[in-house]
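Going by this note's numbering, the first residue of the sequence shown is number 1035, and it counts up by one from there.
Beta carbons: idealized from backbone N, C-alpha and C, even for Gly.
Values in this document were obtained by computation on a predicted structure and should not be read as measured data.
Taking it in order: structure first as structure tokens, then the write-up.
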Amino acid sequence: MKDDKQEFLFDKINYKILLIGIGVIALGFILMSGGGSDDPKVYSDAIFDFRRIRLAPTTVLIGFGITVYAILKNPKK
């Protein structure tokens, strides 16, 4: 019987960075939500403010960048 120790695909630091990236993506989508109106006859300009047009999509893209970095990071170096 072989004494092989099974290893995870990534190390612990990769999983931590990956979870941080997923959290940043979730934060971006939370920032993007809201600004709507319950009455379809009333138009709300709140959907075009800085938070929903610039900040939230940038936050989501940064989160995707963090997750890609977590996948590509080689902890053995």
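Cβ-Cβ distance between residue i and residue j below 9 Å
| i | j | result |
| --- | --- | --- |
| Asn1048 | Ala1090 | no |
| Thr1101 | Ile1059 | yes |
| Gly1057 | Gly1097 | yes |
| Ile1054 | Gly1069 | no |
Cβ neighbours of residue i in the same chain (closer than 7 Å, five flanking residues each side left out)
| i | result |
| --- | --- |
| Val1094 | Ile1059, Gly1062, Phe1063 |
Nearest-angstrom beta carbon gap, residue j and residue i [assumed within contact, 8 Å]
| i | j | result |
| --- | --- | --- |
| Ile1051 | Lys1110 | Actually they are not in contact, since the Cβ atoms of Ile1051 and Lys1110 sit about 15 Å apart, beyond 8 Å. |
Same chain, Cβ closer than 8 Å to residue i, neighbours up to 5 away in sequence not counted
| i | result |
| --- | --- |
| Leu1065 | Arg1085, Arg1086, Leu1089, Ala1090, Thr1093 |
| Ser1071 | Tyr1077, Ser1078 |
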